[in-house]
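Visitor:
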Amino acid sequence: MNTSAASPASVARPPLKALDDALAELLACAKPLAGQETVSTFDADGRVLAQDVVSALQVPPEDNSAMDGYAVRSTELADEGVVLKVSQRIPAGSTGSTLEPGTVARIFTGAPIPEGADAVVMQEDCQPLPDREGFVRIQQLPRPGQWIRRAGEDVRRGATVLSKGERLTPAALGLAASIGMDVLQVAARPRVALFSTGDELVMPGEVAPVQMRPGAIYNSNRFFLRALLLRLGCEVSDLGIVPDQREATLAALRNASQNHDLILTSGGVSVGEEDHIKPAVQQLGSLDLWQIAMKPGKPFAYGRVGSAHFMGLPGNPVSSFLTFLLLVQPFLLRLQGVVDVAPRSIAVPAHFTLAKGDRRREFLRVRRNAAGGLELFANQSSGVLTSAVWGDGVVDNPAGQTIAHGDIVRFIAFSEWLA
Ligand code: AMP
Ligand code: MG
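Okay, so the sequence shown: first residue is 41 according to the numbering used here, each after it adds one.
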């Protein structure tokens with residue numbers, strides 16, 4: 041039987057893969073990297089904790105004053121305007137002694153509450169007496185416990201303040217420091233080899249805009265992919281532009297598979313004869329080429345070359361950008377041991393209409409307006425990078441879903457996503 045004569049028209053379109061299924065498959069392959077590093081807490085912003093951080097002390101260490109004022113025995117203050125002797129002075133960093141009955145202690149923010157005192161009256165509610173030095177008039181009757189920060193109210197001794205798999209933020213560094221951690225144990229940085237494919241690509245700086253030959257475009261993907269990788273704590277080997285040739289692609293892949301955890305490419309993942317990624321990765325390792333039901337996006341490749349993971353992104357800039365955020369970023373976070381890798385979407389009203397929903401799940405570039413609604417960028421083409429700069433996030437719109445003005449949609453903010 042002759043099977044070679046099938047006409048292109050009879051070739052079925054490959055079925056689309058749901059984005060969630062693609063992500064689940066990728067994450068199943070993302071075994072956290074074995075390596076760990078001890079880094080100074082100063083340098084740990086954005087890194088992922090490889091160990092729980094447990095507190096050996098309580099914070100605050102003892103009850104202390106939340107105000108500059110006077111520490112009092114609240115039961116002794118029956119009437120507003122009572123005049124009492126100031127028996128001691130306790131600045132932050134020193135400790136007082138037991139408060140003598142019938143007296144108050146001058147106290148400052150952060151200073152330990154002396155034994156016997158059970159409230160602080162802020163200095164704005166007290167009046168030193170000019171004619172009686174060492175005495176003060178208490179103008180306000182305090183509630184017991186007023187303006188006292190309780191020992192351990194922030195952190196209890198033995199508490200896990202930060203967990204393994206958590207990505208460190210500036211506030212987390214402060215919290216770690218507050219319990220005395222000068223160094224932190226973090227996951228190794230993923231080593232990523234990055235290259236762009238495409239004979240049309242030219243690097244900015246190599247050819248002036250007015251001298252660009254017909255058909256040439258500047259390599260924009262390289263810039264945002266590199267920046268996105270660096271933000272995720274990766275060590276990036278930028279291997280530049282690889283021409284659309286089998287041998288060059290093989291050589292680049294062989295080189296990149298040494299000493300890298302991930303090889304990331306953009307372009308060349310379709311199945312045209314100018315697309316060399318698929319056969320080259322298959323020759324050296326293994327590769328699945330997926331058609332993902334997302335827009336922009338669609339072609340996406342995952343495979344292995346030697347011990348390195350391989351991911352091939354589509355060439356169209358907005359497709360490349362969004363498939364990175366939706367698939368590569370969660371993968372790289374998981375390599376570092378992050379548990380919660382999904383971006384957070386929130387419900388926001390649309391201040392635009394979408395007359396026809398795409399048959400694929402669509403990520404619409406939108407911008408929040410001052411009224412708390414979302415506006416749509418007019419040109420949603422996968423080549424229009426302006427949309428991703430104008431926009432401050434995307435609407436995650438289910439397949440086939442139309443949108444009317446005022447409909448509540450799911451919004452993912454770039455400010456949170458591009459962490
Ligand atoms: P490809 O996926 O290689 O078929 O490329 C799809 C489209 O994306 C083509 O219009 C390419 O010129 C464009 N493209 C591919 N790589 C890049 C890149 N690094 N920067 C900007 N555009 C690109
Ligand atoms: Mg190409």
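Ideal Cβ positions, reconstructed from N, Cα and C, are used throughout, including at glycine.
(1) First and last residue of the beta strand (DSSP E) that includes D119?
(2) Thinking just about the alpha-carbon of each residue, which of G238, E116, D278 is nearest to the one in T289?
(3) I'd like the list of long-range same chain contacts for A341, defined as Cβ closer than 6 Å, with 5 residues on each side in sequence excluded.
(4) Roughly how many whole angstroms lie between the Cα atoms of F235 and G198?
(5) Closer than 7 Å: is that where the CB of E246 sits relative to any heavy atom of the ligand MG?
(6) Could you spell out where the alpha helix (DSSP H) holding N437 opens and where it closes?
(7) How many whole angstroms separate the CB atoms of V434 and L394, which I take to be in contact at a CB cut-off of 8 Å?
(8) For the putative contact between E77 and A228, defined by C-beta atoms under 8 Å, what is the C-beta separation to the nearest angstrom?
(9) Does the ligand AMP have a heavy atom nearer than 7 Å to the CB of V23?
(10) Taking the beta carbon of R384 as the centre, do at least 16 other beta carbons fall within 10 Å, making it buried, or is it exposed?
(11) First and last residue of the beta strand (DSSP E) that includes S95?
(12) Does the separation of the CB atoms of D301 and R231 fall below 8 Å?
(13) Restricting to Cα atoms, I'd like to know which of V122, R401, L279 is closest to Q180.
(14) For the alpha helix (DSSP H) holding S455, just list the boundary residues, first then last.
(15) For R231, list the residues DSSP reports as bridge partners.
(16) For P339, which residues in the same chain have their Cβ closer than 6 Å to its Cβ, ignoring the five residues on either side in sequence?
Guide: Inspection of the coordinates gives the following:
(1) In the sequence shown, residue 119 corresponds to position 79, counting from 1. Per DSSP, D119 belongs to no beta strand (DSSP E) and is neither H nor E.
(2) As a first step, residue 289 is located in the sequence shown; it is residue number 249 there, counting from the start. For T289, the nearest C-alpha among the options comes from G238.
(3) Taking the sequence shown and counting its residues from 1, the one referred to as residue 341 is at position 301. Excluding sequence neighbours, A341 sits near V309, L327, L329, G352.
(4) Along the sequence shown, one-based indexing puts residue 235 at 195. Along the sequence shown, one-based indexing puts residue 198 at 158. Distance between the alpha carbons of F235 and G198 is about 47 Å.
(5) Within the sequence shown, the letter at position 206 stands for residue 246. No, Cβ of E246 sits at least 7 Å from all heavy atoms of the ligand MG.
(6) Indexing the sequence shown from 1 puts residue 437 at position 397. Premise fails: N437 lies in the beta strand (DSSP E), 433 to 437, not in any alpha helix (DSSP H).
(7) As a first step, residue 434 is located in the sequence shown; it is residue number 394 there, counting from the start. As a first step, residue 394 is located in the sequence shown; it is residue number 354 there, counting from the start. The pair is not a contact, with the Cβ atoms about 13 Å apart (cut-off 8 Å).
(8) For the purposes of this step, residue 77 is taken as residue 37 along the sequence shown, with counting starting at 1. For the purposes of this step, residue 228 is taken as residue 188 along the sequence shown, with counting starting at 1. The C-beta distance from E77 to A228 rounds to 6 Å, short enough to meet the 8 Å contact threshold.
(9) Because the chain in this structure spans residues 41 to 459, residue 23 falls outside the shown range and cannot be described.
(10) For this step, residue 384 is matched to residue 344 along the sequence shown. It counts as exposed.
(11) Your numbering for residue 95 matches position 55 in the sequence shown. No beta strand (DSSP E) holds S95; DSSP gives it neither H nor E.
(12) In the sequence shown, the residue the question calls residue 301 occupies position 261. In the sequence shown, the residue the question calls residue 231 occupies position 191. Yes.
(13) Counting from one through the sequence shown, the residue named residue 180 turns up at place 140. For the residues V122, R401, L279, the minimum Cα distance to Q180 belongs to V122.
(14) The count along the sequence shown starts at 1 and reaches residue 455 at position 415. It spans 454 to 457 - the alpha helix (DSSP H) in which S455 sits, taken as one unbroken run.
(15) Working through the sequence shown from its first residue, we reach residue 231 at position 191. In DSSP, R231 forms a bridge with E275.
(16) Position 299 of the sequence shown, counted from the first residue, corresponds to residue 339. V309, S310, P354.
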